[in-house]
Amino acid sequence: MKTFKTWLYCLITVCLAASCRPGKPATDNVNEQKTVTVSIEPLRYLTEQIAGPTIKVNTLVPKGSSPETYEPTPSQMEQLGKSMIFFSIGDLGFERTWLNRLQQAAPQTAFIRTSEGILPLDNQHHAEDGHQADPHVWTSPENMKIIARNICMALCQADTANSTLFRTGLQQTLTAIEQIADSIRHLTDSIHQRAFLIYHPALTYFAREYRLEQVAIETDGKEPSPAQLARLIDECRKRQIRIILVQQEFDRKNAEMIAKEIHATIHTINPLAYDWDAEMLNIAQILHRQ
Ligand SMILES: [Zn+2]
Numbered sequence: 179m180k181t182f183k184t185w186l187y188c189l190i191t192v193c194l195a196a197s198c199r200p201g202k203p204a205t206d207n208v209n210e211q212k213t214v215t216v217s218i219e220p221l222r223y224l225t226e227q228i229a230g231p232t233i234k235v236n237t238l239v240p241k242g243s244s245p246e247t248y249e250p251t252p253s254q255m256e257q258l259g260k261s262m263i264f265f266s267i268g269d270l271g272f273e274r275t276w277l278n279r280l281q282q283a284a285p286q287t288a289f290i291r292t293s294e295g296i297l298p299l300d301n302q303h304h305a306e307d308g309h310q311a312d313p314h315v316w317t318s319p320e321n322m323k324i325i326a327r328n329i330c331m332a333l334c335q336a337d338t339a340n341s342t343l344f345r346t347g348l349q350q351t352l353t354a355i356e357q358i359a360d361s362i363r364h365l366t367d368s369i370h371q372r373a374f375l376i377y378h379p380a381l382t383y384f385a386r387e388y389r390l391e392q393v394a395i396e397t398d399g400k401e402p403s404p405a406q407l408a409r410l411i412d413e414c415r416k417r418q419i420r421i422i423l424v425q426q427e428f429d430r431k432n433a434e435m436i437a438k439e440i441h442a443t444i445h446t447i448n449p450l451a452y453d454w455d456a457e458m459l460n461i462a463q464i465l466h467r468q
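In structure tokens form, the structure reads like this:
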């Protein structure tokens, strides 16, 4: 943690020094809103909760696109270069693929890995990549608190004039997250059947936090083979799984086939939604019905 802080401090010092251009009229920046870029919408939600209207937040991955494979556009790269900070999750597919190019496009921007300090779980959906952390850290309220603290720390260092405002925003955000966590606990505690089926395994951290068991349709990031599908249907029957969750970015064909076989209902969820709190509650409410 200490080395991270030192690194962050160095990075921000370099960034601030680099952005101080002599000869530029001082009035130029007075009313200019500071910009931050984030990789996915839940990070925009969190940053806006903490910073309020002080900071303008751009999101790289647009609605309906997959953060595993997204490719930023040239205009997004340009916007990133004008951002004070880039908040990434750290292990999303597109972040890993694009990190070098993003850093080259934005040499003055501080790159912050917001999942720093989260106890990682093994990635279940990209076995071919070897041992990598499951990237979907934001689906757990406890993780979300760590992410919020990381965001606040970076904002305070990059924009010291507003640090009191950010710290107040952080306290309010942490309280709100705790309330969501309580509501989810209340809903999930009484679930009799602890296992649920999901197309893309985005709820690994959610399942860990609420003692639920996530069973994925997708295998190693791919559609299951007919043999894998047959085994999955058997497992679902044995465990009396009645709920299938699908994400809007993925194909429903397999889920529909399984649903018919095991008499389960399909529910669409969107873990990438901006309204993180509402979506987390929505997921808990769906599972509560099982
Ligand atoms: Zn994913």
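If you count the sequence shown from 1, you need to add 178 to reach the working numbering.
Note that the Cβ used here is the ideal one computed from N, Cα and C, for glycine as well.
Computed from a predicted model, the values in this text were never measured in an experiment.
Quiz item: What does DSSP give as the partner residues of K234 in its beta bridges?
Solution: T213
Quiz item: Of all the options S253, S318, T247, which has the alpha carbon lying nearest to the alpha carbon of Y388?
Solution: S318
Quiz item: Taking all protein chains shown into account, do 16 or more other C-beta atoms lie within 10 angstroms of the C-beta of G268, making it buried, or fewer, making it exposed?
Solution: buried
Self-check item: Contact check, V214 vs I263, beta carbons under 7 Å
Solution: yes
Practice problem: State yes or no: is the C-beta of I325 within less than 7 Å of the C-beta of T292? | Solution: yes
Practice problem: Taking 7 Å as the cut-off, decide whether the C-beta atoms of S217 and E294 are in contact. | Solution: no
Quiz item: Going by other Cβ atoms of all chains shown within 10 Å of its Cβ, with 16 needed for buried, is R409 buried or exposed?
Solution: exposed
Quiz item: Quick one: does the C-beta of A311 sit closer than 6 Å to a heavy atom of ligand 3?
Solution: By its list of ligands, the structure shown excludes ligand 3, since it contains just ligand 1.
Quiz item: Using 8 Å as the Cβ pair cut-off and three pairs as the minimum, do the stretch 377 to 385 and the stretch 400 to 409 touch?
Solution: no
Exercise. Determine the DSSP secondary structure at L410, reduced to helix, strand or coil.
Key: helix
Quiz item: Residues bridged to H445 by DSSP?
Solution: L423
Self-check item: F428 (DSSP reduced to helix, strand or coil)
Solution: coil
Quiz item: According to DSSP, is V393 helix, strand or coil?
Solution: strand
Quiz item: With DSSP run on the structure shown, which of helix, strand or coil describes S318?
Solution: coil
Quiz prompt | Spatially closest choice to C414 from V393, D429, D398, by CA coordinates | solution = V393
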